[in-house]
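S.K.:
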Amino acid sequence: MQSSLNFSSAIAKVTSILTLSLAMSAFSCSLADIRPDSIKTEITGDQFKKGREILDRSLAAHGGAERWQQAGPVAVKFTDEWPGFLNRTLFMPWPENPMDATIYLLPHKDDARIVYRKGKDMGHFMGIQHWIPYTGKASPEAPVADIAAADVELHPADEDIKFWVPTLNYFLQLPYRIGEADVVAYAGERKLDGRVFQLVFVSWVRAEPQEMVDQYLLWIEKKTGYIEYATYTVRDMGGFVTGTMHYSDFEEQDGLVIARKQAVVDSPEQPGEPLHRLSIEEIEFNADLPETLFYPRPDRQDSKY
Numbered sequence: 004m005q006s007s008l009n010f011s012s013a014i015a016k017v018t019s020i021l022t023l024s025l026a027m028s029a030f031s032c033s034l035a036d037i038r039p040d041s042i043k044t045e046i047t048g049d050q051f052k053k054g055r056e057i058l059d060r061s062l063a064a065h066g067g068a069e070r071w072q073q074a075g076p077v078a079v080k081f082t083d084e085w086p087g088f089l090n091r092t093l094f095m096p097w098p099e100n101p102m103d104a105t106i107y108l109l110p111h112k113d114d115a116r117i118v119y120r121k122g123k124d125m126g127h128f129m130g131i132q133h134w135i136p137y138t139g140k141a142s143p144e145a146p147v148a149d150i151a152a153a154d155v156e157l158h159p160a161d162e163d164i165k166f167w168v169p170t171l172n173y174f175l176q177l178p179y180r181i182g183e184a185d186v187v188a189y190a191g192e193r194k195l196d197g198r199v200f201q202l203v204f205v206s207w208v209r210a211e212p213q214e215m216v217d218q219y220l221l222w223i224e225k226k227t228g229y230i231e232y233a234t235y236t237v238r239d240m241g242g243f244v245t246g247t248m249h250y251s252d253f254e255e256q257d258g259l260v261i262a263r264k265q266a267v268v269d270s271p272e273q274p275g276e277p278l279h280r281l282s283i284e285e286i287e288f289n290a291d292l293p294e295t296l297f298y299p300r301p302d303r304q305d306s307k308y
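Its first residue numbered 4, the sequence shown is counted upward by one per residue in this note's numbering.
Quick look at the structure:
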């Protein structure tokens with residue numbers, strides 16, 4: 004357990020450096036606003052209707068929310084690589100690069116556990132249950148039942164685990180969960196690499212920037228309906244921080260279309276060097292996972308904020 008605590012402390016120090024760096028580079032405390040000009044004044048009824056239609060078509064193209072719900076629990080083996088030294092120093096949540104890990108998740112939920120499958124920290128894990136972060140260690144390459152039964156240590160104040168586990172989880176599920184948004188607007192078409200993309204803006208409660216609510220601008224390939232880019236705000240990290248997730252290498256498995264490669268880039272038009280590249284090696288749907296894997300201390304819960 005000592006190694007897990009040291010790792011958690013290291014992440015806290017890195018996050019402090021990141022927060023300071025971002026604060027110093029910001030010219031103001033204004034919130035980033037990724038709304039295209041076409042919807043900044045208002046969202047018309049036609050824009051909402053068309054945006055919802057395109058979003059619903061995209062959800063169906065990926066396999067649908069119902070099929071995704073029925074696919075859980077889900078186990079995803081992945082490799083995550085952080086190419087840039089500065090990005091690794093400031094952002095990377097892993098003790099090694101690249102990191103091989105497995106995330107165990109439940110469809111449409113934030114609760115998840117990530118277990119390291121490589122290096123000196125193999126067997127260590129971090130997770131979120133009802134917004135309470137925790138860490139622990141199982142025997143290297145232990146069966147899932149042993150991982151679920153391993154002792155955990157709760158870290159209610161660990162904002163780093165509270166950020167990274169749900170964030171990685173959400174972007175894996177985004178094509179199926181983004182339809183939960185109640186603010187939706189068609190924002191026009193763009194051409195990229197000779198293909199046409201339909202842009203759909205989504206958020207919650209209202210379209211204008213909000214301190215605790217993110218905005219998303221989805222680039223949906225017109226022919227396939229797949230979400231290939233998702234530009235987003237990161238309110239949890241700083242009001243002015245934005246990024247873009249690039250989804251690629253789509254494969255169908257049991258009726259669900261999954262992007263096997265997911266890279267965080269600057270923007271669809273000017274991607275730059277990726278912040279990190281996540282590659283999915285294997286996905287198991289309807290995995291035989293005990294409930295204690297997701298809720299090791301079922302009596303404890305907290306709110307996100």
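Backbone N, C-alpha and C define an ideal beta-carbon position, used for all residues, glycine too.
(1) Identify which residue in Lys225, Gln265, Phe81 has its Cα closest to the Cα of Glu193.
(2) Have a look at Arg198 and Val216 and give me their C-alpha separation to the nearest angstrom.
(3) Residue ranges of each beta strand (DSSP E) run of no fewer than 3 residues wholly in the segment 97-129, ordered along the chain?
(4) What separation, rounded to the nearest whole angstrom, lies between the Cα atoms of Pro293 and Ala148?
(5) Starting from Ser282, follow its DSSP beta bridges and name the residues at the other end.
(6) For Ser61, count the other beta carbons within 10 Å of its own beta carbon; 16 or more makes it buried, fewer makes it exposed. Which is it?
(7) Spatial neighbours of Leu278 within its chain, please: C-beta separation below 6 Å, excluding the five flanking residues on both sides.
(8) In chain order, what residues of the same chain have a beta carbon less than 6 Å from the beta carbon of Glu84, not counting five sequence neighbours either side?
(9) Where Ala64 and Gly258 are concerned, what is the direct C-alpha to C-alpha distance, given to the nearest angstrom?
(10) Decide yes or no for the touch test of the segment 122-132 against the segment 165-175: beta carbon pairs closer than 8 Å, at least 3 of them.
(11) Do you know how far the Cα of Met95 is from the Cα of Asp239?
(12) Relative to the C-alpha of Ala104, which residue among Ala68, Asp114, Pro143 is closest?
M.R.: In short, the structure shows the following:
(1) Contrary to the premise, residue 193 reads as Arg rather than Glu in this sequence. Across the set Lys225, Gln265, Phe81, the C-alpha of Lys225 shows the shortest separation from the C-alpha of Arg193.
(2) One C-alpha to the other measures close to 31 Å.
(3) As far as the segment 97-129 is concerned, its whole beta strand (DSSP E) runs of at least 3 residues are 102-108, 115-119.
(4) So the alpha carbons of these two residues sit roughly 7 Å apart.
(5) Ser282 pairs with Thr82, Lys264.
(6) By the neighbour-count criterion, in which a residue is buried when 16 or more other Cβ atoms sit within 10 angstroms of its Cβ, Ser61 is buried.
(7) Only Asn90, Val267 meet the Cβ criterion.
(8) Excluding sequence neighbours, Glu84 sits near Pro101, Arg280.
(9) So the alpha carbons of these two residues sit roughly 10 Å apart.
(10) Contact between the segment 122-132 and the segment 165-175 is present: three or more C-beta pairs spanning the two stretches fall below 8 Å.
(11) When rounded, the separation of the alpha-carbon atoms in Asp239 and Met95 is 16 Å.
(12) Selected option, being the one with the closest Cα: Pro143.
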